[in-house]
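Numbering that gives the first Met the number 0 puts the first residue of the sequence shown at 0, with every later residue one more than the last.
The C-beta atom is built at its ideal place from N, Cα and C for all residues, glycine as well.
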Amino acid sequence: MPSLEILIPAQQIQTRIEAMAAEMDRDYAGEPVYLIGVLKGAFIFMADLARAMKTPTRLEFIGISSYGAGTTSSGEVRVTKDLDVTVEGRHVVLVEDIVDTGLTLAYLMKLVEQRKPATLRVATLLDKPSRRVRPVKVNYTGFQIPDKFVVGYGLDYAEDYRNLRDVCVLEE
Ligand code: IMP
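The following block contains the structure:
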């Protein structure tokens, strides 16, 4: 039976998101921003982040699925839902649940850059810097975590556990 251990409790997540939102509000100084959430993992983080921000935001989603199963990224990404809008000349923030090897983010940044946004930044709830294969610049990070497989608060293992309020370590 897999076991779950709380790594980041719900309250701590909310406190950190308030601080991230305040930092983003300062940086964008009232200029409107497109938040682009990466489905499915980022949807809960994006909902809380957007509501904590005072900056005028528009919420968009991009859907991707990694080729292959398992708990590690192959870096091969398939777009399952593209952006519905043009973001040319707009401030854009890609909103991720977790940056692990960085391969997915590097791919997504290239994809969004082709749409010629005025600026492009990245916000991620979690970061596993020890696992980085591709160097990627992350502008706003919620928590740096050790190299453990985590679930909850949007993150899944084979589609399970996304609705947990806390970020938990999953151990087989
Ligand atoms: P990367 O391409 O290796 O940076 O992987 C990023 C994607 O892998 C994330 O958007 C997640 O979907 C998934 N992922 C990486 N680590 C974890 C984890 O610990 N739990 C759940 N999903 C993860």
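Q: Identify the continuous beta strand (DSSP E) that holds residue 122 and give its terminal residues.
A: Residues 118 to 126.
Q: Name the two residues that bound the continuous alpha helix (DSSP H) containing residue 27.
A: Counting along the chain, the unbroken alpha helix (DSSP H) around residue 27 starts and ends at 9 to 27.
**Q.** Bridge partner(s) assigned by DSSP for residue 142
**A.** Beta-bridge pairing links residue 142 to 125.
Q. Do you know offhand how far residue 134's Cα is from residue 53's?
A. So the alpha carbons of these two residues sit roughly 31 Å apart.
Q. By how many angstroms is the C-alpha of residue 88 removed from the C-alpha of residue 33?
A. When rounded, the separation of the alpha-carbon atoms in residue 33 and residue 88 is 11 Å.
Q: Taking the CB atoms as reference points, tell me whether residue 41 and residue 16 lie closer together than 8 Å.
A: No; because the gap between Cβ atoms is not below 8 Å, this pair is not in contact.
Q | Inter-residue Cα distance where the pair is residue 142 and residue 154 | A | Answer to the nearest angstrom: the Cα atoms are 14 Å apart.
Q: Evaluate residue 0 with the Cβ neighbour count: other Cβ atoms within 10 Å of its Cβ, from every protein chain shown; 16 or more gives buried, anything less gives exposed.
A: Of the residues assessed, residue 0 falls on the exposed side of the cut-off, its CB having fewer than 16 other CB atoms within 10 angstroms.
Q: Count the C-beta pairs between the stretch 85 to 104 and the stretch 116 to 135 that are closer than 8 Å, then say yes if the count reaches three, no if not.
A: Yes, they touch.
**Q.** Cβ distance (whole Å) where residue 131 is taken to contact residue 100 below 8 Å
**A.** Sure, about 6 Å apart at Cβ, within 8 Å.
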